[in-house]
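Accompanying notes for the structure given below.
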Amino acid sequence: MSAPLVDVHVHFLHERSGRADWEAANRRRLDVGRRIGITVHVASILGTWGQTSPTYFPSPDDTTCGNDALLALMRAHPEIAGYVTVNPNFTDHAVREIERCRAAGMVGIKLAASRRAADPLLDPIAAVAAARGMPVLQHIWQHRRGEVPGQEISDALDLIALAERHPGATFILAHIGGGGDWAHSLRALADVPNVVVDLSGSGVDRGMLELCLDRVGAARLVWGTDLTMDTGLAKLRALEALGAGPEALADVRWRTANRLFGLGLAA
Amino acid sequence: MSPSAAAARPQPSRDVDHAALVGPYPFRRLPDPTPPALLAGMDRLGVRAAWVGHVPSAWYRDAAAGNEELYALLAPHRARLFPVPAVNPTWPDWERELRRAVDERCPAVRTYPSHYGFASHGPAMAALTAACAEAGLTLVLTIRFEDPRQRSRLDVAPDLIGADVRAAVRSDDAARLLVVGADRAVVEEVHWGSTPAEAARVSWDISGIWGAPEDHLDHLLRTVGAERFVFGTHFPFRLPESAAAKLELLA
Chain R
79 MSAPLVDVHV
89 HFLHERSGRA
99 DWEAANRRRL
109 DVGRRIGITV
119 HVASILGTWG
129 QTSPTYFPSP
139 DDTTCGNDAL
149 LALMRAHPEI
159 AGYVTVNPNF
169 TDHAVREIER
179 CRAAGMVGIK
189 LAASRRAADP
199 LLDPIAAVAA
209 ARGMPVLQHI
219 WQHRRGEVPG
229 QEISDALDLI
239 ALAERHPGAT
249 FILAHIGGGG
259 DWAHSLRALA
269 DVPNVVVDLS
279 GSGVDRGMLE
289 LCLDRVGAAR
299 LVWGTDLTMD
309 TGLAKLRALE
319 ALGAGPEALA
329 DVRWRTANRL
339 FGLGLAA
Chain V
805 MSPSAAAARP
815 QPSRDVDHAA
825 LVGPYPFRRL
835 PDPTPPALLA
845 GMDRLGVRAA
855 WVGHVPSAWY
865 RDAAAGNEEL
875 YALLAPHRAR
885 LFPVPAVNPT
895 WPDWERELRR
905 AVDERCPAVR
915 TYPSHYGFAS
925 HGPAMAALTA
935 ACAEAGLTLV
945 LTIRFEDPRQ
955 RSRLDVAPDL
965 IGADVRAAVR
975 SDDAARLLVV
985 GADRAVVEEV
995 HWGSTPAEAA
1005 RVSWDISGIW
1015 GAPEDHLDHL
1025 LRTVGAERFV
1035 FGTHFPFRLP
1045 ESAAAKLELL
1055 A
C-alpha cells in the first residue's frame, strides 16, 4: 500500500457554478485523484464561481451557498475535507460561517482575494483560525507588482505581515506554481515558521522545487494541485528525481498536512 | 498507478521530445541547462531522442553565432540530440544557416519573430517559410518562453498569437510548422481558423496545454486530431515530468 497523499488545494463545482458539466467535472477530479493515489482532497468552493457575485469577491450569501455545497460533497465522499470560504469584508458573517462550518466538519479556512492579506480586517479571522486550530489557505500572487482586475491580490510579503501578527495561526501560501515570481515568495519565506507553502499550480518551472527545498524546507511544503492535477503529479515525480529522501517526501505528501489539519492519517 | 485506460487511444509518442532547448536564459537561472541534464531527464522518461534548440539564440542579434554554440554543445550527443538552429531572416546571409542545417541533417529550424523584430505576416517570414519548405525543414515557432506573470521587466518580446501562426502557415503553400508552448485557445483558434490543408501543415507540442482534470489535451486530441500533436517538454524551462504526466492522465 502506497503512502498517503493529501492534496491541500482542491476546488469543486456545484449546480450554481455556471457549468453544465459540474457533476462530471467533480467526478473526473475524484477519478484522477484515485489514479494519482490521493487519500484526502482538502477542498474549497468560492461562492458561485462568478455567477451571482465575483469569484474573488463572493457575497455572503454566495459564500454560504458554496460552503453548503462543499458540505454536501463531504458527506457524499469521505475522502473530501473542507475549507470554509469567507469574504473578510463581511467580518461578522465570516466569523459566523467559520464556526458553522467547523461544527459541520470543515478543517481549514479559505481566503481568496477579497481583501489584501496584510489588512487589519483579516485579524478577527486569523484570531479564530488560531483559536480553533484551522489553517488558513491564502490565495497568493507570487510577487505583487501592481493591481490586477478582478482580485485584490496579496503576495508573500502581505501574508507574512498577517502571519507575524498571529504567530499562533498557521497560514498556507497558495499555489507557488500559480503565477508570478515564485523566487520572490520563497526568498521572503525562509524564516517564517507559521507559513507553509503549497506546491500547487499549473507552473512547473525547473528550479522552483529546488528553491522550495532550499529556502523553505520539506517540513514546510505541502503538496497540492489546484486546477491542474497533471502538474501535481509531475512535481511528485520531480521531487523524487531531485533526490528528496523518504522523510522529506513523506512530509510533503502527507505528514505536514496531516498534522496541520488533524486528518488522522497513518503511514 | 494503474495502467491508463487511454493507453490504446491515439496519443503523441514519447519517443521524441520535439521542444527541448539548451543554454542559459537571460532573466532567471535555469538549473543545469545542458545536454547531459537533458539526457538525464530523457532517460528518466524513456525518451529516445530530442529536437534541441538554443536558448541564447533568441536574444542574439546574430543567430548564426548562437548556432555555432549549439552545434558545439550537441556534437558529443548527436546520436540522440538533433540540433534545431535559429534563423533570423532579417539578418544578412541567413540562407547560409538553412544550408548548414540541411548539411547537418537537422530536422527543423527555429525562428523568433518577436525577438528578432519582424512581422509574421511580412516578407521576411514569407521568405523563410518558402526557403524552409524548399529545404525540407520544419519551422518551429515558440509562443512564449515563460509565463507572462513572472517575466522580468526587461523581457518585453510579446507572445506569438494565433494570427502569427495563421500568417506563417499561409505564407507558403508547402511550409510545415511546429508550434511549441501553445495553449488550447491558440490551438483551436488556428486550427478552426485555417483550411484543412493549412491545418494539416501545423503541428503542436503538448508542453503548454492543460491536462487532467480540465482535459484540454484530451479534448484537442479528439477534436483537432492526435496526428497534429507531438511530445514536447520545453526543457530547461519546465519539468520534463509535466509532459509525461499529461499523457499518463489522459481521460
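As they're listed, the protein sequences go chains R and V.
Each residue of the first sequence is one higher than the one before, counting from 79 in the numbering used here.
Each residue of the second sequence is one higher than the one before, counting from 805 in the numbering used here.
Even for Gly, the Cβ is constructed at its ideal location relative to N, Cα and C.
| query | result |
| --- | --- |
| Tell me whether T838 (chain V) sits in a helix, a strand or coil according to DSSP, three-state version. | coil |
| Starting from the Cα of Q815 (chain V), find the closest Cα among V:P1017, V:E1018, V:D1009 and V:L1043 and give me that residue. | V:D1009 |
| According to DSSP, is G211 (chain R) part of a helix, a strand, or is it coil? | coil |
| Taking CB distances under 8 Å as the criterion, tell me whether T29 (chain R) reaches chain V. | Absent from the model: residue 29 (chain R). The displayed extent of chain R is 79 to 345, so no value can be given. |
| Determine, for G850 (chain V), whether the minimum Cβ-Cβ distance to residues of chain R falls below 8 Å. | no |
| If you compare alpha carbons, which of V:R1032, V:P1044, V:V888 and V:L1024 is closest to Y916 (chain V)? | V:V888 |
| In chain order, what residues of the region 284-307 of chain R put their CB closer than 7 Å to some CB of chain V? | R284, G285, E288, L305, T306 and M307 |
| Are the C-beta atoms of E992 (chain V) and some chain R residue less than 8 Å apart? | no |
| Please confirm if the region 947-960 of chain V is in contact with the region 926-938 of chain V, defined as three or more CB-CB distances below 8 Å between the two stretches. | no |
| So what's Q954 (chain V) in DSSP terms, helix, strand or just coil? | helix |
| At a Cβ threshold of 8 Å, is F922 (chain V) touching chain R? | no |
| Quick check on DSSP: helix, strand or coil for W898 (chain V)? | helix |
| Please classify L958 (chain V): is it buried, with 16 or more other beta-carbons within 10 angstroms of its beta-carbon, or exposed? | exposed |
| Counting only Cβ pairs nearer than 7 Å, list the residues of chain R close to D951 (chain V). | G257 and G281 |
| Could you confirm whether any beta carbon from chain R is found closer than 8 Å to the beta carbon of F831 (chain V)? | no |
| Can you tell me where the beta strand (DSSP E) holding V162 (chain R) begins and where it ends? | I158 to V164 |
| Determine the DSSP secondary structure at W332 (chain R), reduced to helix, strand or coil. | helix |
| To the nearest whole angstrom, what separates the beta carbons of A912 (chain V) and T933 (chain V), a pair I think is in contact under 8 Å? | With a Cβ gap of about 12 Å, A912 (chain V) and T933 (chain V) do not count as contacting. |
| Quick check on the DSSP output: the alpha helix (DSSP H) that includes A967 (chain V) runs from which residue to which? | G966 to R974 |
| Taking the beta carbon of T1027 (chain V) as the centre, do at least 16 other beta carbons fall within 10 Å, making it buried, or is it exposed? | exposed |
| Am I right that F831 (chain V) and S956 (chain V) are in contact with their C-beta atoms under 8 Å? What's the rounded C-beta distance? | 4 Å |
| In chain V, what lies closer than 7 Å to L91 (chain R) by C-beta? | In chain order: nothing, as chain V lies at least about 11 Å away. |
| So is R1042 (chain V) in contact with chain R if we call contact Cβ pairs under 8 Å? | yes |
| Could you round the C-beta distance between N272 (chain R) and A241 (chain R) to whole angstroms and report it? I think they count as a contact, below 8 Å. | 5 Å |
| Under the criterion of a Cβ to heavy atom distance below 7 Å, does E1002 (chain V) qualify as lining the ligand ZN? | The model depicted lacks the ligand ZN and carries no ligand whatsoever. |
| Would you mind stating whether F886 (chain V) and A853 (chain V) have Cβ atoms separated by less than 8 Å? | yes |
| Say whether chain V places a C-beta atom closer than 8 Å to the C-beta of L235 (chain R). | no |
| Taking Cβ positions, are T163 (chain R) and S122 (chain R) nearer each other than 8 Å? | yes |
| Identify every residue that forms a DSSP beta bridge with A854 (chain V). | V:D821 and V:L885 |
| Could you tell me whether the region 217-226 of chain R touches the region 143-161 of chain R, using the rule of 3 or more Cβ pairs below 8 Å? | no |
| What does a CB cutoff of less than 6 Å around A147 (chain R) pick up in its chain, not counting 5 residues either side in sequence? | H92 and I123 |
| Taking just the CA atoms, how far does V330 (chain R) sit from G295 (chain R)? | 10 Å |
| For C315 (chain R), name the three-state secondary structure that DSSP assigns. | Before going on, a small fix: residue 315 (chain R) reads as Arg here, not Cys. R315 (chain R) falls in the helix class under three-state DSSP. |
| Give the interface partners of W1008 (chain V) over in chain R, defined as CB-CB distance under 9 Å, in chain order. | Simply none; closest approach about 17 Å. |
| How many whole angstroms separate the CB atoms of G183 (chain R) and F339 (chain R), which I take to be in contact at a CB cut-off of 8 Å? | Not quite, the Cβ-Cβ distance comes to about 11 Å (not below 8 Å), so this is no contact. |
| In chain order, what residues of the same chain lie with their CB nearer than 6 Å to the CB of R293 (chain R), ignoring the 5 residues before and after it? | L264 and A268 |
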